[in-house]
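Residue numbers (our numbering): 56 to 130. Even glycine gets a Cβ: it sits at the ideal position worked out from N, Cα and C. Everything below concerns the one structure shown next.
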């Protein structure tokens, strides 16, 4: 936990009374839940996502189109 919060934060929390510790932890929990809700609100649901570009043709489809466009009646 020292690596996450830093030594000063842990010493401060350890020096606090049990009631202060609970208040700090509750405040952090509330902040964290609010942050998570905010980030989730920014994400576009998968059903609403649209591809940025049309799906590229597969190689066979591209070859068929190329051959079909070069074939002309009567040639």
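Beta carbon of residue i nearer than 7 Å to that of residue j
i          : j          : result
residue 76 : residue 68 : yes
Under the three-state DSSP convention, the category residue i falls into
i           : result
residue 85  : helix
residue 69  : helix
residue 61  : coil
residue 107 : coil
residue 95  : helix
Contact belief for residue i with residue j at Cβ below 8 Å, rounded distance in angstroms
i          : j          : result
residue 79 : residue 71 : 7 Å
Neighbourhood of residue i by C-beta, 8 Å cutoff - its chain only, sequence neighbours within 5 removed
i          : result
residue 87 : none
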